[in-house]
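**Student:** The opening position of the sequence shown corresponds to residue 392 in the numbering used here, with each subsequent residue numbered one higher.
Take a look at the following structure, please.
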Amino acid sequence: MADLSVKVCGVLFKNPVIAASGTFGFGKEFNEIYDIGALGGISTKGLTLEPRLGNATPRIAEGHGVILNSVGLQNPGVDRFLAEDLDFLKASGTVIIANVAGKTLEDYAQICAKLDGKVDMIELNISCPNVRCGGMAFGIRPESVESVTKSAKSQLKKTPLIVKLSPNVENIAVNALAAEKGGADCVSLINTLTGMVIDIENRRPLLANNTGGVSGAGIKPIAIRMVYEVCRAVSIPVIGMGGITCAEDALEFIIAGASAVQVGTANFTDTMAMPKIISGLNKWLDERKIPNLSSLRGTLTVNG
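This is the structure:
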């Protein structure tokens with residue numbers, strides 16, 4: 392079998408397939424279906440300082456090839472995660488990435504201080520509204536991307552920092568460079584696109600929050616384009632995500648330059664999606680007698 396292992400920021404993943412934040416909880420339910428230790432890594436549900444109940448329902452809607460969510464970061468809070476969920480994840484033997492979110496720079500800093508050295512990596516969700524800037528997301532402007540990255544990084548002595556980039560921006564490569572300048576060890580992309588679905592009979596949005604984050608197979612071409620652009624712009628590793636449903640999808644991201652991938656919405660449509668992707672990667676490489684996955688990274692030759 393081919394060598395699927397990858398190293399990102401000095402952290403060794405047995406394979407490049409990581410459960411995306413918000414789609415896998417803390418892994419306990421999926422572990423009843425298969426051994427989650429087979430995964431390369433798990434990015435946890437987004438963690439905030441205090442527990443959150445999330446947004447009003449309905450907060451999930453379907454489109455063609457996509458879903459929209461406005462869950463609103465429902466989570467038990469970072470302290471409860473540390474007390475009740477971390478040991479279970481550590482026992483799985485997979486890489487643990489703690490996804491964190493906040494409303495202020497101080498929120499991000501405090502959460503990172505609590506998690507430093509206790510997880511393998513930290514991933515900043517910067518698509519959250521900054522309450523001190525009129526509700527504009529931290530990830531919209533390059534200067535705010537840099538500042539929130541600096542704030543989080545200042546509290547981390549042991550744990551590498553991933554910054555998860557929003558696609559709802561003018562130039563995602565510029566924001567990736569801002570994250571790198573702020574001290575990010577890695578960037579991940581893309582987070583969800585903003586969208587809306589309308590109930591035409593009632594002439595109202597299907598989501599109680601009106602708009603939501605769009606994810607699923609339909610966004611893959613957008614995600615790959617953005618990953619390609621970011622990989623060309625930064626010198627730090629890139630983790631790609633957005634619409635991955637099979638091994639071939641994952642390979643597109645890796646050929647575009649990603650060091651690893653995250654799989655999210657596919658877990659809702661097929662609970663065995665990630666084990667199938669891992670198996671598919673092995674099969675694809677073996678059939679072509681390619682000994683290791685890392686040799687494919689960044690091998691895209693563009694036309695013209």
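Just so it is clear, CB atoms sit at the ideal spot from N, CA and C, and this is done for glycine as well.
Quick caveat, the model's predicted, so the values are computed rather than measured.
(1) In whole angstroms, what is the alpha-carbon distance linking Ser542 and Glu592?
(2) Look at the alpha carbon of Cys519 and the alpha carbon of Ala528, and state the distance between them as a whole number of angstroms.
(3) Since Val698 and Ala575 should fall inside the 8 Å C-beta cutoff, what is the C-beta to C-beta distance between them, to a whole number of angstroms?
(4) On the premise that Ile581 lies in contact with Cys633, defined as a C-beta separation below 8 Å, what is that separation, rounded to the nearest angstrom?
(5) Locate the beta strand (DSSP E) running through Cys503, then write down its first and last residues.
(6) Using the Cβ count rule (16 or more neighbours within 10 Å means buried), how would you classify Arg471?
(7) Using a threshold of 8 Å, state whether the C-beta atoms of Gly437 and Asn516 are closer than that.
(8) How is the beta strand (DSSP E) around Phe404 delimited, first residue to last?
(9) To the nearest angstrom, report how far apart Glu534 and Glu497 are at their CA atoms.
(10) Only counting the same chain, and skipping five residues up and downstream in sequence, which positions put a Cβ closer than 6 Å to that of Gly573?
(11) Buried or exposed, going by whether 16 or more other CB atoms sit within 10 Å of the CB of Leu684?
(12) Can you give me the Cβ contacts of Cys503 inside the same chain, cut-off strictly under 7 Å, excluding the 5 residues immediately before and after it?
(13) Would you kindly report the start and end of the unbroken beta strand (DSSP E) that includes Val693?
(14) Roughly how many angstroms separate the alpha carbons of Phe415 and Leu672, rounded to a whole number?
(15) Sort Pro442, Lys611, Lys481, Gly586 by Cα distance to Glu453 and report the nearest one.
(16) Just to confirm, are Ala638 and Val652 a CB contact at a threshold of 8 Å?
(17) Does the beta-carbon of Pro682 have 16 or more other beta-carbons within 10 angstroms, so that it is buried, or is it exposed?
(18) What residue does the alpha helix (DSSP H) around Gly671 start on, and which one ends it?
(19) Could you tell me whether the segment 441 to 456 touches the segment 394 to 412, where touching means 3 or more Cβ pairs closer than 8 Å?
(20) For a test of your reading of the model: does the CB of Gly416 fall under 7 Å from any non-hydrogen atom of the ligand SAH? Yes or no.
(21) Let me check understanding here. Comparing Cα to Cα, which of Gly418, Arg623, Arg688, Gly609 lies closest to Phe644?
(22) Closer than 7 Å by C-beta to Tyr499: which residues in its own chain qualify, once you throw out the five before and the five after it? Chain order, please.
(23) Evaluate the contact criterion for the segment 421 to 432 versus the segment 442 to 452: three or more CB pairs, one atom per stretch, below 8 Å.
(24) Where Ala649 and Cys524 are concerned, what is the direct C-alpha to C-alpha distance, given to the nearest angstrom?
(25) Could you pull out every residue in the same chain whose Cβ sits closer than 8 Å to the Cβ of Gly508, ignoring the five residues on either side in sequence?
(26) Is Thr602 closer than 8 Å to Ser461 when the C-beta atoms are compared?
**Tutor:** Taking the geometry as given:
(1) 47 Å
(2) 5 Å
(3) Outside the shown range of the chain, which is 392 to 695, sits residue 698, and nothing can be said about it.
(4) Contrary to the premise, residue 633 reads as Gly rather than Cys in this sequence. Their Cβ separation, rounded to whole angstroms, is 5 Å, which keeps Gly633 and Ile581 in contact under 8 Å.
(5) Element bounds for Cys503: not the beta strand (DSSP E) but the alpha helix (DSSP H), 496 to 506.
(6) exposed
(7) yes
(8) 402 to 404
(9) 16 Å
(10) Glu537, Thr540, Lys541
(11) buried
(12) Val491, Ile513, Ala543, Gln546, Leu547
(13) Note, Val693: premise wrong, no beta strand (DSSP E); not H, not E.
(14) 21 Å
(15) Gly586
(16) no
(17) exposed
(18) 664 to 678
(19) no
(20) The ligand SAH is absent from the structure shown, which contains no ligand whatsoever.
(21) Arg688
(22) Val491, Gly493, Leu515, Val539, Ser542, Ala543
(23) no
(24) 32 Å
(25) Lys548, Lys549, Thr550
(26) yes
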